[in-house]
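Position 56, counted from 1, in the sequence shown is what this note's numbering calls 42; the numbers after and before it change by one each time, with no gaps. Written out below as structure tokens is the structure these notes cover.
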Amino acid sequence: MMEIYLKNDYNANESYFDDIWVGFGSIGTRYEINSSGDITSVTGRDGNSETTTYNSMGQPLKVKDALGGETDYEYGRGGEPGDNPNNNRLLREVSPMRSATEYEYDAYGNVTATRIGASDFSADTAVSAYINGGETAYGNYGTVIAAKTDAFGQSTTYQSDPQTLQTTKITDPAGSTAEYEYYGMVNTPTNVGPLRRVTAKSSTGALLSRIGYGYDKGELSEINRGSFSYRFLQVQNADTTETVSLGGVTSAKDMMTTVSVRAGESEQVLARQYYDKRGLPLKVEYGNYMAGTVNPQLELHAFYSTYDVQGRLAGTLLGNLKREYTYDHEGNLYELKESGPVTAVTNFRYLVSGQLSEKIYRRGQLTGRQTYSYDRLNRLSGNEQISDYMARAVRSRYVYNKNGQLTAQSYTPVT
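As structure tokens, then:
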């Protein structure tokens, strides 16, 4: 049973609340909220907290994570956003490693350029040396992208229909193009229709490929490329007599999709997939068999799934391997049970930021544990693994450069 508590510690107006406590057994997350309704502190199940301070407009100015790292934000000021591209918009963000990213905008609020500052680990503030993070140009009053330029000066241009705003042509830095054609939709204000054909050409104009798309009642039904055709057939209320029961959930099949490939006069079914009324896949049959015939091995290649009321995966079955999934009240996977050839249970624990912090597993008579640690930029910095079938624990460490690229990885046995 989940319980929610509201506290009014800091104001006399009872229409506001300052704290929220959400509890589920021994699992809980504590939120502190100011009188403007902004969340100022989040404390997770492990006691780690993240705090946020805001300006008068409710924009975050500083976020302090559980490790003490601080992220700072700076905004433009003065008037409405339309008066100046930078007014009231995020201009600069400084990470816990004191690496800064700056943003530029057009008059419509689109980010047109970014500059990324090199990290200076010895200084308290970010250095002034920046690298180009790329630029984007917009057309048609800021509604469509006209060009993108990466950090190396390579540009990709885009052409769009001025009425439907659909992309009609993309030219990459090498001069190769992709042209897009669409079906027209009659009796609609914009005549916007689904994609009909994509034609790719080299920089010299030579044809590289042409892919066509077909639809049935608004759903993709066929993809054509050269002499091959991939077909998708949907049947409503297909075989609704069969139900799938896994993970404490029972669902009835409601719709079937058949995927087949056709080459000339020959057509071969690749898979059949069944869905419930929510459109979630319940059963997949896959194998090689000709249309109109039944492969006796097909049922040996059937994969079953069920989902809870939130649409999260509750259970799967492949052959005699069965898995059941349980989630905590924040939606994180809490427990995974496996049965079949081997019985196993795996439990997961998380930081307040939602990152996986610990994995504990029991497989038969064997047990194991794996922990994860992160740096101030939320990158994986290390993990340690120990189990009954390992002579010694193994500790891994990861090192990144100032651009965020992994530069070193080490494995050390722990005595």
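Where a beta carbon is used, it is the ideal one built from N, C-alpha and C, also for glycine.
Contact between ARG211 and SER195 is confirmed by a C-beta separation of about 7 angstroms, below the 8 angstroms threshold. Rounded to the nearest whole angstrom, the CA to CA distance from SER291 to THR357 is 29 angstroms.
The beta carbon of LEU181 sits closer than 7 angstroms to those of TYR166, TYR168 and TYR199, all from its chain and outside the five residues before and after it, given in chain order.
Note on ALA300: 16 or more other CB atoms within 10 angstroms of its CB, so buried under the neighbour-count rule.
C-alpha of LEU193 to C-alpha of THR185: approximately 8 angstroms in a straight line. The C-beta of LEU392 has fewer than 16 other C-beta atoms within 10 Å across all chains shown, which makes the residue exposed. Under the DSSP definition of a beta bridge, ARG101 partners with GLU88 and ASN118.
In this chain, the beta strand (DSSP E) harbouring LYS308 covers 307 to 313. Annotated as distal: SER373 and TYR384, with beta-carbon spacing of 8 angstroms or more.
LYS263 and GLU208 have their C-alpha atoms roughly 23 angstroms apart.
Counting only the Cα atoms, ALA288 lies some 44 angstroms from ARG16. Cα atoms of VAL49 and SER22: separation of roughly 17 angstroms, rounded to the nearest angstrom. SER213 counts as exposed, since fewer than 16 other beta carbons sit within 10 angstroms of its beta carbon. With contacts defined by Cβ atoms closer than 8 angstroms, GLU121 and THR98 form a contacting pair. Here the alpha carbon of GLU60 sits roughly 19 angstroms from the alpha carbon of GLU36. For GLN149, DSSP records no beta bridge to any residue. Taking the CA atoms as reference points, ASN126 sits about 31 angstroms from ALA86.
With fewer than 16 neighbouring CB atoms inside 10 Å of its own CB, ASP202 falls in the exposed class. Rounded to the nearest whole angstrom, the C-alpha separation of ARG183 and ILE197 is 6 angstroms. Rounded to whole angstroms, GLY326 and GLU370 show a C-alpha spacing of 28 angstroms. When the alpha-carbon of VAL80 is set against those of THR57, THR332, LEU319 and ASN118, the nearest one is in THR57. Residue pairing of ASP202 in beta bridges, as defined by DSSP: GLU205. The alpha-carbon separation between GLU88 and ARG63 amounts to approximately 15 angstroms. With distances taken between CA atoms, GLN351 lies nearest to ALA330 out of TYR336, ALA330 and GLY340. In the assembly as shown, SER343 is a buried residue. Its beta-carbon has 16 or more other beta-carbons within 10 Å. Cβ-Cβ separation between MET83 and ARG362: approximately 6 angstroms, consistent with a contact (criterion under 8 angstroms). Rounded to whole angstroms, SER382 and THR302 show a C-alpha spacing of 32 angstroms. Here SER146 is not near ALA133, since their CB atoms are 8 angstroms or more apart. Short of 6 angstroms from the beta carbon of GLY265, and not among the five residues preceding or following it, lies no beta carbon of its own chain. Between TYR386 and ALA394, the alpha-carbon positions lie close to 7 angstroms from each other. By the beta-carbon neighbour count (other beta carbons within 10 angstroms, threshold 16), ALA52 is buried. Under a 10 Å Cβ-count criterion, MET43 is classified as exposed, with fewer than 16 other Cβ atoms of the shown protein chains found around its own Cβ. GLN371: member of the beta strand (DSSP E) spanning 366 to 373, first to last residue. Apart from sequence neighbours up to five positions away, the residues of its chain that approach TYR272 with a beta-carbon distance below 6 angstroms are ALA257 and HIS287, ordered along the chain.
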